[in-house]
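Working notes, beginning with the structure itself.
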Amino acid sequence: MPLSPPQTQHLDSILPAEPLLLMGAGPVPISHAVSRANGVVINHLGETMDAVVSNVKMMGRYAFQTVSDKIIGVSGPASAAMEMAITNILWPGRSVLALSMGTFSGRMAEMAEGVGAEVTVLKSTGIEPVRLEQIREALSKKHYDVITMAQGETSCGVEMKCIPEVAQMAKELGTLVVVDAVCTLTTMPLQMDEWGIDIAIAGGQKGLSSIPGVSLIVFSDAAWKTIESRNVRQPHWCLDALKAQTFWGSQQYHYTAPVPGILALHEALRQICEETLPSRFERHRTSSIALQSGIETMGLKLFVPIKDRLNSVVAIQTPEDTDSAQIRKIMSKRFNVEISGAFGMDIMRIGQMGEQCRSHNLFKVLYALGMSCRQTGVDLDVSLGMAELELNLVIDPENLVD
Ligand SMILES: Cc1ncc(COP(=O)(O)O)c(C=O)c1O
């Protein structure tokens with residue numbers, strides 16, 4: 018019997034009347050230019066699209082600070098780009114040292130196991146990055162074909178600051194370096210070529226302030242040579258980098274490209290180039306530091322000590338005897354602001370990526386957080402926190418973040 022059509026619901030009846038301000042760990046708000054581009058569909062092959070792709074590659078090279086022409090947009094979440102990295106350079110018989118300091122840096126190890134590589138996981142010893150000494154020791158004991166790491170571990174708010182040193186060590190040993198810069202790209206320095214990174218990955222929905230579902234990956238010459246020399250069958254078809262390069266390198270058909278997402282990425286990258294990286298880094302730094310001071314001054318505790326703290330996603334300890342889910346529910350219902358919980362940890366996370374780093378968004382999120390905590394019985398001085406935020410943002414007109 019044919020199925021009858023289901024009862025339908027208009028999208029407007031599901032979405033909140035006023036969109037929630039997305040101040041969590043991603044996705045992040047997008048600019049009007051990005052949103053407009055995301056509403057356009059053009060033919061994915063042809064002169065117009067060629068011009069768009071060529072611009073995305075050119076501007077992407079600036080974002081990653083590389084001259085590599087092996088820059089590919091992936092139709093899929095950042096995890097798909099991570100999978101493209103792993104499945105192209107690892108196969109049975111090849112080895113990887115996966116540095117893990119949480120959910121995302123550990124994910125590449127899972128992917129490597131999936132393709133049958135020999136996987137060694139080196140974990141951080143607490144809420145901190147894997148330390149240089151640990152890495153040096155592991156690399157001195159055995160040769161690895163690949164080492165993987167995340168610049169920012171979004172799940173707990175830890176930054177891996179020693180990537181240049183690790184990459185240099187790895188280079189000397191002939192080990193390929195893979196860096197997940199999903200939440201960090203364009204929020205803080207990353208110099209792909211100068212540091213010696215072989216594969217770098219970014220998602221659209223975080224630092225780049227584009228839409229989720231279209232990601233970017235760049236390969237160095239050394240990584241590309243490894244892929245070309247591969248004589249084991251590649252198990253993936255969509256994620257085969259050589260096939261993807263037919264579209265991204267020669268404008269030939271691989272699969273139907275996610276046109277609106279690429280147009281959105283074009284606009285996000287254009288805005289990054291117009292802002293310039295140094296100004297963008299400074300906007301992110303000032304914004305995140307001001308927010309952190311406001312949070313602490315109000316009476317809440319930050320989760321990660323300052324020396325390892327990630328500025329792109331700020332983790333806050335949930336106050337004792339309260340429930341983070343309850344606080345976040347009040348924030349969204351009463352203040353129209355959304356922040357993130359965590360993966361099994363008693364923390365709340367506020368994103369500081371792209372469009373989140375605007376002073377009007379900072380005041381709104383800090384006020385919403387403070388007042389929602391107070392509503393659950395936490396004794397906080399919200400006004401003092403707001404004053405601290407203001408002081409840090411506007412004391413010097415140069416530091417205005419809008
Ligand atoms: C550092 C990091 N890596 C990878 C991912 C995975 O991204 P996606 O959810 O787009 O697959 C995330 C997502 O939060 C992330 O923060």
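Residues in the sequence shown are numbered consecutively from 18, following this note's numbering. We treat Cβ as the ideally placed atom computed from N, Cα and C, and that holds for glycine. Bear in mind that the values here come from a model prediction, so they are computed numbers and not experimental data.
Alpha carbon to alpha carbon, how far is residue i from residue j?
i, j, result
"Ser112", "Thr243", "13 Å"
"Glu284", "Asp396", "43 Å"
"Gly316", "His301", "23 Å"
"Ala102", "Val195", "8 Å"
"Val57", "Glu313", "43 Å"
"Glu170", "Pro22", "44 Å"
"Ser400", "Gly387", "9 Å"
"Gly278", "Ala68", "15 Å"
"Lys350", "Pro33", "10 Å"
"Gly63", "Leu280", "14 Å"
"Cys390", "Val354", "13 Å"
"Leu139", "Ile152", "8 Å"
"Cys200", "Ala95", "10 Å"
"Ala167", "Ser117", "8 Å"
"Lys74", "Ile289", "13 Å"
"Asn416", "Thr303", "Confidence at Asn416 is low in this model, with a pLDDT of 49, below 50, so the placement of that residue is unreliable and no value is reported for it."
"Arg297", "Thr25", "44 Å"
"Lys324", "Glu337", "24 Å"
"Val51", "His160", "44 Å"
"Trp265", "Pro44", "25 Å"
"His27", "Pro322", "46 Å"
"Asp413", "Glu407", "Bear in mind that the predicted position of Asp413 carries a pLDDT of just 49, short of 50, making it unreliable; the figure below should be weighed with that in mind. Taking the straight line from one Cα to the other gives about 11 Å."
"Met403", "Leu190", "50 Å"
"Val175", "Met125", "17 Å"
"Glu299", "Pro19", "60 Å"
"Ser157", "Ser226", "39 Å"
"Ile31", "Tyr384", "26 Å"
"Gly131", "Asp363", "30 Å"
"Leu38", "Phe352", "9 Å"
"Gly371", "Lys223", "7 Å"
"Val70", "Lys318", "44 Å"
"Thr273", "Gln373", "32 Å"
"Gly119", "Ile144", "9 Å"
"Pro146", "Asp29", "43 Å"
"Ile59", "Ile180", "39 Å"
Identify which residue in the options has its Cα closest to the Cα of residue i.
i, options, result
"Met99", "Lys381, Thr165, Trp241", "Thr165"
"Asn328", "Pro322, Ala258, Gln369", "Gln369"
"Val331", "Leu379, Asp340, Ile31, Ala261", "Leu379"
"Arg366", "Pro22, Ile344, Phe352", "Ile344"
"Ile106", "Ser349, Glu405, Pro277, Pro252", "Pro252"
"Cys255", "Val249, Thr201, Thr263", "Thr263"
"Gly358", "Gln24, Glu35, Met40, His27", "Met40"
"Glu292", "Gln151, Thr203, His61", "Thr203"
"Gln309", "Cys290, Pro295, Ile289, Gln334", "Gln334"
"Glu54", "Leu282, Leu383, Gln288, Glu405", "The amino acid occupying residue 54 in the given sequence is Ala; Glu does not appear at that position. Of the listed residues, the one whose Cα sits closest to Ala54 is Leu282."
"Gly90", "Val231, Cys290, Leu410, Met362", "Val231"
"Lys87", "Ala342, Thr273, Ser341, Glu245", "Glu245"
"Val163", "Arg375, Ala80, Ala134", "Ala134"
"Arg247", "Pro322, Gly110, His27", "Gly110"
"Gly394", "Asp325, Gly266, Ile364, Asp340", "Asp340"
"Gly213", "Ala42, Ile59, Ser237, Asp363", "Ser237"
"Ala129", "Glu211, Pro146, Thr120, Ala115", "Ala115"
"Ser376", "Asp210, Pro36, Ile306, Ala80", "Ile306"
"Thr137", "Thr120, Lys188, Ala155, Val147", "Ala155"
"Tyr79", "Gln392, Leu294, Glu145, Lys178", "Leu294"
"His61", "Ser48, Val249, Glu35, Gln269", "Gln269"
"Ala42", "Ile356, Leu193, Val382", "Ile356"
"Pro206", "Met177, Asn72, Ala258", "Met177"
Taking the DSSP output, what are the residues bridged to residue i?
i, result
"Arg326", "Val175"
"Gln334", "Ile364"
"Gly90", "Leu233"
"Val113", "Val136, Val163"
"Asp197", "Ala167, Ile218"
"Ser21", "Answer is none; Ser21 lacks a bridge partner."
"Val354", "Leu38"
"Leu202", "Met205"
"Leu319", "Ile333"
If I'm right that residue i touches residue j with Cβ under 8 Å, what's the distance once you round it to whole angstroms?
i, j, result
"Ser92", "Pro229", "The Cβ separation is near 12 Å, so there is no contact."
"Asp197", "Ser122", "7 Å"
"Ala240", "Ile216", "5 Å"
"Ser172", "Phe360", "5 Å"
"Leu149", "Glu182", "6 Å"
"Thr104", "Met209", "The Cβ separation is near 20 Å, so there is no contact."
Between residue i and chain B, is there a C-beta pair that is closer than 8 Å?
i, result
"Gly224", "This model lacks chain B altogether; it includes just one protein chain."
> Can you list every residue whose CB sits closer than 5 Å to some heavy atom of ligand 1, going in chain order?
Replying inline: Pro94, Ala95, Ser96, Phe121, Ala167, Thr171, Asp197, Val199, Cys200, Gly220
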